[in-house]
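Heads up, the thing below is written out as structure tokens.
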Amino acid sequence: MSAPFAGDIIRGARVRAMDQYGNAEINAALRPLGLTVRGAGEDAVATAQRLVSDAYDRVLPQVFVNPHRAAQALEQVASTIKHIPLLSVEQEGKLLHYIGQKVQPAIMEAQAKGQPIDGRIAKQIDTQIGHYAREFSAALDPAQRPLGDAFYELQSALRGALEGVSPEATNALAATNAAYRNLLPVVKASDRAMAQGGRFTPNQLNRASGQYGQEGSDLNQAARRVLPPTIPNSGTADRLGIAAAVTSPVKTAIATGVAATLYSRPGMALLINGLRPQLSPRAFAYLHSLAPQEAMKFIEKLAAVQPQIGISANQLIAQMGRGLATQQREAP
19 MSAPFAGDII RGARVRAMDQ YGNAEINAAL RPLGLTVRGA GEDAVATAQR
69 LVSDAYDRVL PQVFVNPHRA AQALEQVAST IKHIPLLSVE QEGKLLHYIG
119 QKVQPAIMEA QAKGQPIDGR IAKQIDTQIG HYAREFSAAL DPAQRPLGDA
169 FYELQSALRG ALEGVSPEAT NALAATNAAY RNLLPVVKAS DRAMAQGGRF
219 TPNQLNRASG QYGQEGSDLN QAARRVLPPT IPNSGTADRL GIAAAVTSPV
269 KTAIATGVAA TLYSRPGMAL LINGLRPQLS PRAFAYLHSL APQEAMKFIE
319 KLAAVQPQIG ISANQLIAQM GRGLATQQRE AP
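Sequential numbering from 19 applies to the sequence shown in the working numbering.
The structure is reproduced here in structure tokens:
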């Protein structure tokens with residue numbers, strides 16, 4: 019007879035191994051800066067992004083942008099974004115509109131004055147581009163993500179046009195640019211694994227690396243041979259025999275008679291608010307932006323990969339059902 023928790027022990031070891039791998043890849047990306055982060059997943063990746071952003075903040079006052087090189091960078095972007103998978107014509111137009119409104123005026127002004135674009139202006143533009151890149155790339159609506167990729171292309175091209183005012187600044191800029199490029203596929207892989215808390219697999223990182231024209235590292239190649247292709251769950255739901263049930267909160271809603279309530283905005287808002295401790299901030303905000311029927315579909319998708327969300331949803335729905343029954347009994 020097997021030990022009752024042997025499966026949990028094995029799964030736990032696999033989860034730890036996957037987290038160790040993710041941490042190693044994040045820190046490998048940061049190696050040019052000599053920095054490291056702890057942990058894995060969404061929070062660790064966000065910390066790494068802040069470290070790179072802080073490095074740019076430190077070096078930007080010591081750099082300038084040659085307007086001619088910036089103009090060449092924009093020509094490069096106009097060409098490269100056409101190869102972004104699933105980028106729509108409308109999204110391409112949005113990026114080009116942003117360039118025309120925010121980037122080209124700075125280039126034209128510098129050209130008219132015969133001067134470079136100083137680091138202060140470059141920093142303002144870079145910060146705004148980075149905001150849009152992260153916002154769209156991490157969107158829960160997959161249709162928005164190609165636009166995030168396009169903004170990352172723009173940011174990368176313009177950063178490539180930066181020049182240091184001294185050898186020290188040039189070296190610092192080169193290290194920061196290298197860390198930024200290294201981190202791009204890590205960020206993409208983590209964003210695509212949002213349902214798993216941003217914990218990406220070796221296969222996900224390898225696909226993201228290919229999209230940025232990068233080859234998988236030796237570590238990635240080795241990890242793809244020995245680590246599982248998906249993030250293992252804790253095994254708790256499987257052991258309790260509820261994995262199938264937690265993937266369908268809508269069935270609980272029907273069984274408890276609260277389906278009509280849940281498919282109203284107030285009822286769905288009550289459920290989403292109850293699930294908040296289990297949700298990432300992006301998932302929580304996205305669910306509130308959806309119509310009730312679409313929100314329920316998304317909750318079921320999350321429950322399929324995070325059983326605890328399904329468990330909590332079923333408990334909340336059952337609680338709502340008991341409350342509704344009490345109201346009906348007490349009604350005159």
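Beta carbons: idealized from backbone N, C-alpha and C, even for Gly. No experiment lies behind these values; they were computed from the predicted model shown.
With contact counted as at least three CB pairs below 8 Å, one residue from each stretch, are the stretch 146–159 and the stretch 168–180 in contact?
At 8 Å Cβ cutoff, the stretches touch.
Inspect the beta-carbon positions of residue 188 and residue 77 and report whether they are closer than 7 Å.
Cβ distance not < 7 Å, so residue 188 and residue 77 don't count as in contact.
Identify, in the order they occur along the chain, each residue of the same chain with its Cβ nearer than 7 Å to the Cβ of residue 232, setting aside the five sequence neighbours on each side.
Around residue 232: 203.
Return the residue from the list 123, 180, 162 that minimises the CA-CA distance to residue 103.
It is 162 whose Cα lies nearest to the Cα of residue 103.
What is the DSSP secondary structure of residue 166, reduced to helix, strand or coil?
In the structure shown, residue 166 sits in a helix (DSSP, three-state: H, G or I).
So, helix, strand or coil for residue 82, using DSSP?
Strand, per DSSP.
Residue 135 bridges to which residues according to DSSP?
Residue 135 is bridged to 83.
Out of curiosity, what's the CA-to-CA distance linking residue 290 and residue 57?
Whole-angstrom Cα-Cα distance: 28 Å.
Considering just the uninterrupted stretch of the beta strand (DSSP E) at residue 182, what are its terminal residues?
Segment 180–182, the beta strand (DSSP E) holding residue 182.
In this structure, does DSSP put residue 53 in helix, strand or coil?
Coil, per DSSP.
Nearest-angstrom Cα distance between residue 137 and residue 143?
Roughly 10 Å separates the two Cα atoms.
Find out if the Cβ-Cβ distance for the pair residue 83, residue 134 is shorter than 7 Å.
Yes. Within cutoff.
So, are the CB atoms of residue 55 and residue 64 less than 7 Å apart?
In this structure, residue 64 does not lie closer than 7 Å to residue 55 by Cβ.
Buried or exposed, going by whether 16 or more other CB atoms sit within 10 Å of the CB of residue 206?
Residue 206 should be labelled buried.
In chain order, which beta strand (DSSP E) runs of at least 3 residues are fully inside the stretch 72–121?
Complete beta strand (DSSP E) runs here, min 3: 81–83.
With a threshold of 8 Å on Cβ separation, who are the neighbours of residue 48 within its own chain once the five nearest residues in sequence on each side are excluded?
Correct list, in chain order: 54, 55, 66, 69, 70, 197, 200, 201.
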